[in-house]
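Student: To start, I am sharing the structure in question, which I have written as structure tokens.
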Amino acid sequence: MIKFFRSIPKTPDEKLALRNDRFLLILAGVLTGFAFPPIPFPVTAFFALVPLLMVLNRREKLIDLNRAAYFYGFVTGIISLYWVGAYTVAKDPFLMAGGGLTIFANPIFFIIPTTLYYGISRFGNIGKQNAIWFLPFFWASYEYFYMNIDLNFPWITLSNTMANFPVFFKIANVIGPLGMTVVLLFINIFIFKIWTAWKAEKKIDRFAVRLLYPFLLIPLLYGIFSNDTTPPKETLRVGLIQPNLDPYKKWAGGNLDEIIDNYFDLTSKAVKDGARIVMWPETALPVYLLNGQYDAQVLKIHNLVDSLNIHLMTGMPHMKIFQSSDRLPPDAKTFPDSKIRYGSYNSVLLFSPGDRVIQQYGKVKLVPFGERTPYIDQIPVLGDLLKWGVGISSWNVGQDTTVFKAVLKTSLTEREVKIGALVCFESVFPYYASELTNRGAEFFTVITNDSWYGNTSGPYQHKEFSTLRAIENNRAVVRAANGGISCLITADGKTISSTKMYESAVLVVDVPLQSGETVFVKTSSVFPYICYGISLLQLYSG
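Going from the sequence shown to my numbering is simple: count from 1 and add 97.
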């Protein structure tokens, strides 16, 4: 391990080369970091990887390639993920330690594409100069793999850099986010080829230039002129409640009725502005509301919903007791000194007027370490060693994707609205979101609490990533965030109305209801496996 991180040059030329490489890797990491929101420079993603490619091109050993990939990923993480440990707030040691672990561990996965690149350049029959053309598929394969493991934290996937460039990203409703990653990698490779040819021979690589133009122009022209967004025939008036509660104080307990009364006041304001559905943020109340100990509060919420004739969707901790006849999930827990099995979930609940049946959904994509210890099923002792101090770690994985159904009634009509709910971190998983569209969701709601991280880049990045989900699925997105940013984002990626960070606010918006599926939604699983197939075939042929 020490050998991996230390490279000891022996000669002055080696020392100079190492210094040059470090400069290039820092430059690549900084340029990539600057492409992510809220920094308004997404176009740096078109050439940010060129310095990295220069380093990879002149390194021969696998360990040297992987050192470069790790260092590049680490610098990118420092720029883009500095906020993840909530260091500006500094209230929870576990969250701070977990954030540091994320910054150091996340770059390890960047060695996957460089290892595959080394494999075909070293052992294949195509040569190093041609091996680089397969790097985009290796990179996209790594990103998809990373999205689907317990350690997943796909926050800085390359396509996310286009969150502030929705016109260029719009073609992702056809090729998907991994297709956008491949496009960005090829653009970087073309620029790298043009640069190296000019530097070596003062000649223009016309082949690379001819390819660069369509890779730049086709997404731009598609984004400008495509008119594939189905005009919505209906809108729904939705109230977004932003209470701006201190999450650390909220979980300290003892103020439940005060919190509920505050939500009720804000909800009444939303209804006065015409809201038919009201959204509360993630874990709005710091209790397992439906476990039988809070029946008075549950009745109070039902009475509010009935009296105002609204639907109420809220984030909420939820506990499920498994009966002996139930099929137990692999991560089911057992109460101490008991044989009773249960699961605890970071959930969304939907209260409907005149109906005592509460629709429920348990979050499926959980934050590694923050909400669930990776591989705790295989190594249970990790659950005792790693616990977040505010009592919300060790959630169970939700058992199914759920599209909520809210029946809106008037004296003459009845309309069932289908809502896809994404809880916080889930909104950075494009392929998971597309499943909700496949199941008929007419718009998305992101129920979140980003207040843990202070007024840093994190909440702004998270909000902008919802732009990508809107474009990919041709669906509007509303966000109900505890301390911000709550907003409405239309299907073309435009933010229509939003709140500020750390203010108590009620935002009432008219949400377009849309149907139909984009090419990406219809074929979402195809492109990732094309990348897998190209990668495996090339490795096999080598």
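Every residue, glycine too, gets a C-beta built ideally from N, C-alpha and C. Nothing here was measured: the structure is a model prediction, and the numbers come from that model.
1) May I ask you to verify whether the segment 382 to 392 touches the segment 583 to 600, counting CB pairs closer than 8 Å and requiring at least 3?
2) Whole angstroms are fine: how far does the CA of E298 sit from the CA of V575?
3) Ordered along the chain, which non-local residues of its own chain (more than five positions away) have a Cβ less than 8 Å from that of L308?
4) Please go through the same chain and pick out, in chain order, the residues whose beta-carbon is closer than 8 Å to the beta-carbon of L463, but skip the five residues on each side of it.
5) Verify whether the separation of the beta carbon atoms of V335 and V514 is less than 7 Å.
6) What's the gap between the Cα of Q226 and the Cα of I627?
7) Mind listing, in chain order, the continuous beta strand (DSSP E) runs of no fewer than 3 residues lying wholly within the segment 181 to 239?
8) Using a Cβ-Cβ cut-off of 8 Å (strictly less than) and excluding sequence neighbours within five positions of Y184, which residues of its own chain qualify?
9) Going by alpha carbons, who is nearest to F143 out of L314, I516 and S365?
10) Per DSSP, Q339 forms a beta bridge with which residues?
11) Which residues in the same chain as G488 place their Cβ atom closer than 7 Å to its Cβ, once the five residues preceding and following it in sequence are excluded?
12) Among the candidates P328, L633 and S638, whose CA atom is the shortest distance from the CA of A237?
13) Where does I321 land, buried or exposed, given buried means 16+ other C-beta within 10 angstroms?
14) Between the Cα of A125 and the Cα atoms of T141, P134 and L447, which residue gives the shortest distance?
15) Beta carbon of F95, beta carbon of L405: below 7 Å?
16) Rounded to the nearest angstrom, how far is the Cβ of I660 from that of P210, given a contact under 8 Å?
17) What would DSSP say about I407, mapped onto helix, strand or coil?
18) Compute the beta-carbon to beta-carbon distance between Y243 and P204, rounded to the nearest angstrom, for a pair I have assumed lies under 8 Å.
19) Please go through the segment 375 to 408 and give each complete alpha helix (DSSP H) segment of 4 or more residues, from N-terminal end onward.
20) In the DSSP assignment, find the unbroken beta strand (DSSP E) run with V514 in it and report its ends.
21) Since Q420 contacts A602 with CB under 8 Å, what's their CB separation in whole angstroms?
22) Can you tell me whether V618 is helix, strand or coil according to DSSP?
23) Residues in its own chain within less than 6 Å of T411 by CB, not counting five upstream and five downstream?
24) For the ligand PLP, is there a heavy atom less than 6 Å away from the beta-carbon of T534?
25) Determine the contact status of L337 and L636, defining contact as a CB-CB distance below 7 Å.
26) Just confirm the distance between the C-beta atoms of I200 and L178, as a whole number of angstroms; I'd bet it's less than 8 Å.
27) Anyone know if the C-beta pair for F541 and G517 falls short of 7 Å?
28) I need the DSSP call for L146, collapsed to helix, strand or coil.
29) With a CB to CB cut of under 7 Å and the five nearest residues on each side skipped, what residues in its chain are close to V618?
Tutor: Here's the rundown:
1) Short answer: they don't touch.
2) Rounded to whole angstroms, V575 to E298 spans 53 Å at the Cα level.
3) Leaving aside the five residues that flank L308 on each side, the residues in its chain whose CB is nearer than 8 Å to its CB run, in chain order, F283 and F287.
4) For L463, the CB contacts under 8 Å within the same chain, skipping 5 residues up- and downstream, are N443, R469, W492, V494 and F522 in chain order.
5) Against a cut-off of 7 Å, the Cβ pair of V514 and V335 comes out as no contact.
6) Straight-line Cα distance between these residues: approximately 23 Å.
7) Annotation: the segment 181 to 239 contains no complete segment of the beta strand (DSSP E) (minimum length 3 residues).
8) The residues M193 and G196, in chain order, have a CB closer than 8 Å to that of Y184 in the same chain once the five nearest residues on each side in sequence are set aside.
9) Looking at the Cα atoms, L314 is the closest of the given residues.
10) Within the DSSP secondary-structure output, Q339 pairs in a beta bridge with A602.
11) Confidence at G488 is low in this model, with a pLDDT of 48, below 50, so the placement of that residue is unreliable and no value is reported for it.
12) Of P328, L633 and S638, the residue nearest in Cα terms is L633.
13) Classification for I321: exposed.
14) Checking every option, the nearest Cα to that of A125 belongs to T141.
15) No answer is possible for residue 95: it lies beyond the span of the chain, which begins at 98 and ends at 639.
16) Past the edges of the chain, shown from 98 to 639, lies residue 660, and the structure says nothing about it.
17) In this structure, DSSP gives I407 a state outside helix and strand, which the three-state scheme calls coil.
18) The distance from the Cβ of Y243 to that of P204 is about 12 Å, inconsistent with a contact at the 8 Å cut-off.
19) Qualifying alpha helix (DSSP H) stretches, in chain order: 392 to 405.
20) Residues E511 to V520.
21) In fact, because the Cβ distance is near 42 Å, the residues do not count as touching under 8 Å.
22) Looking at V618 - three-state DSSP - the assignment turns out to be helix.
23) Within the same chain, T411 has close Cβ partners W377, A381 and L446.
24) Of ligands this structure carries none, so the ligand PLP is not represented either.
25) Not a contact, by the Cβ cut-off of 7 Å.
26) Yes, I200 and L178 are in contact; Cβ-Cβ is about 6 Å, under 8 Å.
27) For F541 and G517, yes; Cβs fall inside 7 Å.
28) DSSP places L146 in coil when its eight states are reduced to three.
29) Only S531, T534, N535 and N570 meet the Cβ criterion.
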